[in-house]
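For reference, the structure discussed in these notes is given below.
Residue numbers (the working numbering): 4 to 501.
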């Protein structure tokens, strides 16, 4: 078995970067929402939604690249070149559809042409991320640092010097992606100048022949965003998107805890064991549980930070927080399902064998989940618009959320049962109880403080984190041991520039 990646070390680096992105993302989103109207913010989300359809093929070649690179195949250069070549037709198709998609909610075509520059950068960064994930997953933390700090720095400069407009926001994100790509290129430089690696296209031909599998695997994400497109189409307004996305921006923070699980997938590809899964789940829950409790009980004051009008979306966040906890656990179970699959280790893998493998069966479950979510979104939203004339934007957003919760509960249950069959493991229920207990004590403090203003909310969040980890250190010996070992390891061994 090849050298294993340290789960806690890599996980802590990536999770730390995600925590930084919570604060930088908050600063950036506050600047944007305070300067853009609700409709302009919704328009930006619509632009990003349409862009995602042009960039979804970016993960096709990287899907195989991570699996092969983790197992020692020299595919770095070919991965980057093949992905950049793939970006060209996707860019052209995006431009062709601009005139029609811009009419749905009345968006200037110029904004689509501007954001299209991002397509090439997404394809480049995705290929670099796949390589990093295969051997040095902690590098994904450093790229996040560069992206977030660049984004916030540029936003603050423009906020001070200019009147921030929607086109400025788009340019800021493009430049942040550029910095992210440059950072990864620098950190992976030794891997990209390996003399033994030539542009041998034999492996890429194999990927191309089997491209249907990552396409099948990634397509659920492609159709998953159609729920918001359905809302935009039925309501003919960007307001529903704005409410949904602002709540989503907070709920997504819970999924940042997945950074702690970053080493699980490559370790399983190298021949991991059930201990890796249990260790990952435990480490993930340490951070995900208090985040979920905090998002639920501080929903209104947190959303007030963005704009007082967004307080209405607190009902969305209250339900969205536990949903994202389930989604994150489902993601870990999915990594187990496809990580233990070894059907693609051989030189020649037949179409028939792939169809019978977990590499096919897992995304198939995601298709069922998305079909259920889209159907329910259309039905629920249509009913809402028929019977609720007032505040229909918020109700439409909630109908979309309810549809997704039902679908996610289904996928979670199937993912857990499938993963535990693929590699039996014990879910850390006793640890979960301790983390919930510490979170409840944290919530009591949060409710006593009862923040109202934005600065009070931020201070309260910090106090809540201190209370939670203090309680956890007092009641859980393993947590104390974990962090002591992590800090000692980082202090003695970590050197980014080696």
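For glycine and all other residues, C-beta sits at the position ideal for the given N, C-alpha and C.
(request) Please report how far the alpha carbon of residue 160 lies from the alpha carbon of residue 90, in whole angstroms. (result) 31 Å
(message) For residue 483 and residue 465, what's the separation of their Cα atoms in angstroms?
(response) 20 Å
(message) Let's see if you can read the secondary structure: which residues bound the alpha helix (DSSP H) around residue 76?
(response) That residue, residue 76, is in no alpha helix (DSSP H); it is neither H nor E in DSSP.
(message) Which same chain residues end up closer than 8 Å to residue 416 when comparing Cβ atoms and leaving out the 5 residues on each side of it in sequence?
(response) none
(request) With DSSP collapsed to three states, give me the class of residue 303. (result) helix
(request) May I have the straight-line CA-CA distance separating residue 476 from residue 485, to the nearest angstrom? (result) 10 Å
(message) For residue 436 and residue 391, what's the separation of their Cα atoms in angstroms?
(response) 41 Å
(message) Applying the 10 Å Cβ sphere with the 16-neighbour rule, what's the burial state of residue 578?
(response) Nothing can be reported for residue 578: it is not among the residues displayed for the chain, which extend from 4 to 501.
(message) Given this structure, state the Cα-to-Cα distance separating residue 143 from residue 117, to the nearest angstrom.
(response) 27 Å
(request) Identify whether residue 167 lies in helix, strand or coil by the three-state DSSP scheme. (result) coil
(request) Could you tell me the distance, in whole angstroms, from the CA atom of residue 338 to the CA atom of residue 95? (result) 33 Å
(request) Buried or exposed for residue 119, please, with buried defined as at least 16 other CB atoms from any protein chain shown within 10 angstroms of its CB. (result) buried
(request) Output the distance between the C-alpha atoms of residue 348 and residue 299, rounded to the nearest integer angstrom. (result) 44 Å
(message) residue 147 and residue 21 - do their beta-carbons sit closer together than 9 Å?
(response) yes
(request) Express the C-alpha separation of residue 50 and residue 111 in angstroms, rounding to a whole number. (result) 10 Å
(request) Express the C-alpha separation of residue 462 and residue 217 in angstroms, rounding to a whole number. (result) 44 Å
(message) Would residue 46 and residue 241 qualify as a contact pair, given that the criterion is a beta-carbon distance under 9 Å?
(response) yes
(request) With a 10 Å radius around its C-beta and 16 neighbouring C-beta atoms as the bar for buried, classify residue 65 as buried or exposed. (result) buried
(request) Note down, in chain order, each residue of its chain lying with its Cβ closer than 6 Å to the Cβ of residue 421, except the 5 sequence neighbours on either side. (result) 340
(request) Taking only the alpha-carbon atoms, compute the straight-line gap between residue 491 and residue 79 and give it to the nearest angstrom. (result) 33 Å
(request) Please list, in chain order, all residues of the same chain as residue 346 whose beta carbon is under 7 Å from its beta carbon, the five residues on each side excluded. (result) 352, 356, 357, 360, 362
(request) Note down the Cα distance separating residue 369 from residue 414, rounded to an integer number of angstroms. (result) 7 Å
(message) When you compare the CB positions of residue 249 and residue 178, do they come within less than 9 Å of one another, or not?
(response) no
(request) Rank 424, 400, 296, 386 by C-alpha distance to the C-alpha of residue 449 and give the top, closest one. (result) 296
(request) Can you tell me which of the three DSSP states residue 210 falls into? (result) helix
(request) With a threshold of 16 other CB atoms inside 10 Å of the CB of residue 204, please say whether the residue is buried or exposed. (result) exposed
(request) In angstroms with no decimal places, state the Cα-to-Cα distance between residue 164 and residue 432. (result) 52 Å
(request) Measure the C-alpha to C-alpha separation of residue 399 and residue 311 and round it to an integer number of angstroms. (result) 20 Å
(request) With a 10 Å radius around its C-beta and 16 neighbouring C-beta atoms as the bar for buried, classify residue 208 as buried or exposed. (result) exposed
(request) Would you mind sorting residue 335 into buried or exposed? The rule is 16 or more other CB atoms within 10 Å of its CB. (result) buried
(request) Measure from the alpha carbon of residue 291 to the alpha carbon of each residue in 317, 273, 261, then state which is nearest. (result) 261
(request) Consult DSSP for residue 105 and reduce its assignment to one of helix, strand or coil. (result) coil
(message) Relative to the C-alpha of residue 70, which candidate in 266, 222, 115 has its C-alpha closest?
(response) 266
(request) State the Cα-Cα distance for the pair residue 127 and residue 455, rounded to the nearest angstrom. (result) 43 Å
(message) Measuring only the C-alpha atoms, how far is residue 59 from residue 412?
(response) 25 Å
(message) Closest to residue 27 by C-alpha separation, out of 87, 256, 377, would be which residue?
(response) 256
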